[in-house]
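*Asks:* Here you go, one structure.
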Amino acid sequence: MEHISNYNLHKDDFSKLHFEINDAKPYLLKNLTHATIPHRHSFYQIIWFKNAGKHYIDYKIIEHPENTIFFINTNQIHYFCPDSSNEGFLFHFNDYFISQFNPEFTERFSLSVFNEIGKPYLQLSEKNAERFLVLTKVIQDEIAINDIFMKEQVYSIFASLLFLIERLKTKEAKIDFTLNTDFKLAYLFKEEVYKSKESFFNIEHYSNLLHTNNKKLTSVVKQYLGNTPANIIISIKILEAKRRLANGKFSIQEIAYDLGFDQPTYFTKYFKKATGITPKEFQSSILP
Numbered sequence: 189m190e191h192i193s194n195y196n197l198h199k200d201d202f203s204k205l206h207f208e209i210n211d212a213k214p215y216l217l218k219n220l221t222h223a224t225i226p227h228r229h230s231f232y233q234i235i236w237f238k239n240a241g242k243h244y245i246d247y248k249i250i251e252h253p254e255n256t257i258f259f260i261n262t263n264q265i266h267y268f269c270p271d272s273s274n275e276g277f278l279f280h281f282n283d284y285f286i287s288q289f290n291p292e293f294t295e296r297f298s299l300s301v302f303n304e305i306g307k308p309y310l311q312l313s314e315k316n317a318e319r320f321l322v323l324t325k326v327i328q329d330e331i332a333i334n335d336i337f338m339k340e341q342v343y344s345i346f347a348s349l350l351f352l353i354e355r356l357k358t359k360e361a362k363i364d365f366t367l368n369t370d371f372k373l374a375y376l377f378k379e380e381v382y383k384s385k386e387s388f389f390n391i392e393h394y395s396n397l398l399h400t401n402n403k404k405l406t407s408v409v410k411q412y413l414g415n416t417p418a419n420i421i422i423s424i425k426i427l428e429a430k431r432r433l434a435n436g437k438f439s440i441q442e443i444a445y446d447l448g449f450d451q452p453t454y455f456t457k458y459f460k461k462a463t464g465i466t467p468k469e470f471q472s473s474i475l476p
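The working numbering puts the sequence shown at residues 189 to 476.
Structure (structure tokens):
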């Protein structure tokens with residue numbers, strides 16, 4: 189069983205920038221053996237693919253058009269498809285990079301950009317791709333020069349990129365991320381389910397936790413997440429099960445208990461009902 193590696197960015201070294209930008213193709217060729225197999229990061233990643241191609245996120249191959257921006261959240265499993273051109277840019281950054289300049293923006297961008305709601309990518313128009321390229325090149329120049337106030341300059345320009353992405357996502361989804369309380373409720377529900385994925389809580393638990401009622405929570409979750417709260421709870425538990433099964437470090441029995449199942453047999457039934465295959469069959473299906 190192939191172990192799924194977890195990569196960090198400037199871990200615990202706060203003298204570093206906690207941000208980096210790379211040309212995607214050379215970076216991929218340099219890290220080919222790691223980047224083309226399933227892996228995860230403790231940092232955020234924005235990938236700008238200039239050409240149409242494919243990318244793998246959370247056990248799905250996603251075909252994308254040209255000038256596509258992907259948003260890889262922390263701990264999401266993904267990899268680069270070697271049969272795609274993969275021309276473009278990679279942006280890596282930690283919460284620390286954002287929060288050291290403006291702590292409020294850490295939550296804001298996690299809500300508006302890295303929310304794992306809807307499509308995992310955004311397509312840029314030709315005009316916006318040109319703007320994106322200009323800002324990208326300025327960031328690269330700032331890092332290369334490494335002059336006084338370089339960190340502040342890089343943050344300021346990169347924040348402009350994030351605001352541009354936020355604006356485009358807002359227009360595409362017709363949601364004002366800063367004002368729409370219903371969207372925030374749906375997002376917070378999903379966030380709380382992730383936090384308690386080792387437990388079995390029903391919708392009433394989350395309604396009480398989020399100071400709302402079952403009817404309201406069901407309504408906004410259906411509207412913004414496209415599914416019922418019960419199905420969202422199941423999908424997140426199954427996704428976590430897949431991540432742990434793919435890790436290769438733990439037995440199916442250990443994973444079952446860690447995810448709140450009283451018996452491994454119940455976990456097997458639960459997993460098969462949701463996916464159509466057993467946990468063991470899933471592990472075999474992702475062997476290299």
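Even glycine gets a Cβ: it sits at the ideal position worked out from N, Cα and C. A quick note: this is a predicted structure, and the numbers were derived from the prediction, not measured.
Identify the residues that DSSP records as bridge partners of Lys248: which are they?
*Replies:* Ile245
*Asks:* Since His227 sits in a beta bridge, which residues does DSSP pair it with?
*Replies:* DSSP links His227 through a beta bridge to Ser193 and His266.
*Asks:* By DSSP, does Asn390 sit in helix, in strand, or in coil?
*Replies:* coil
*Asks:* Give me the Cβ distance between Ile225 and Tyr267, rounded to the nearest whole Å; I'm assuming they're in contact under 8 Å.
*Replies:* 6 Å
*Asks:* How big is the Cα-Cα spacing for Val301 and Thr294?
*Replies:* 11 Å
*Asks:* Measure the CB-CB distance between Leu299 and Tyr375 and report whether it falls below 7 Å.
*Replies:* yes
*Asks:* Mind listing, in chain order, the continuous alpha helix (DSSP H) runs of no fewer than 4 residues lying wholly within the segment 269 to 341?
*Replies:* 283 to 287, 291 to 300 and 314 to 333
*Asks:* State the DSSP-derived secondary structure class of Asn419, mapped to helix, strand or coil.
*Replies:* helix
*Asks:* On the premise that Lys385 lies in contact with Glu428, defined as a C-beta separation below 8 Å, what is that separation, rounded to the nearest angstrom?
*Replies:* 5 Å
*Asks:* Using CA atoms only, rank isn't needed, just tell me which of Trp236, Asp246 and Ile286 is closest to Ser273.
*Replies:* Trp236
*Asks:* Name the one or two DSSP bridge partners that Gln233 has.
*Replies:* Ile260 and His280
*Asks:* What distance in whole Å lies between the Cβ atoms of Pro467 and Phe459, which are believed to be in contact at a cut-off of 8 Å?
*Replies:* 5 Å
*Asks:* Could you check the C-alpha separation between Arg432 and Ile192 for me, to the nearest Å?
*Replies:* 9 Å
*Asks:* Starting from Ile209, trace the alpha helix (DSSP H) in both directions and tell me its first and last residue.
*Replies:* Segment Phe207 to Asp211 is the beta strand (DSSP E) holding Ile209; no alpha helix (DSSP H) there.
*Asks:* Is the segment 203 to 211 touching the segment 237 to 244, taking contact as three or more C-beta pairs under 8 Å?
*Replies:* no
*Asks:* Pick out whichever of Lys430, Leu352, Phe371 and Thr256 has its Cα sitting closest to the Cα of Gln264.
*Replies:* Lys430
*Asks:* Between which two residues does the alpha helix (DSSP H) holding Thr466 run?
*Replies:* Segment: none, Thr466 is in no alpha helix (DSSP H) and carries neither H nor E.
*Asks:* Find the nearest neighbour of Glu380 within the set His393, Lys248 and Asn368, judged by alpha-carbon distance.
*Replies:* The option with the nearest alpha carbon to Glu380 is His393.
*Asks:* Express the C-alpha separation of Lys359 and Ile421 in angstroms, rounding to a whole number.
*Replies:* 28 Å
*Asks:* Lys385 by DSSP, collapsed to three states: which one?
*Replies:* Lys385 falls in the coil class under three-state DSSP.
*Asks:* In chain order, what residues of the same chain lie with their CB nearer than 6 Å to the CB of His280, ignoring the 5 residues before and after it?
*Replies:* Leu197, Glu208, Phe231 and Gln233
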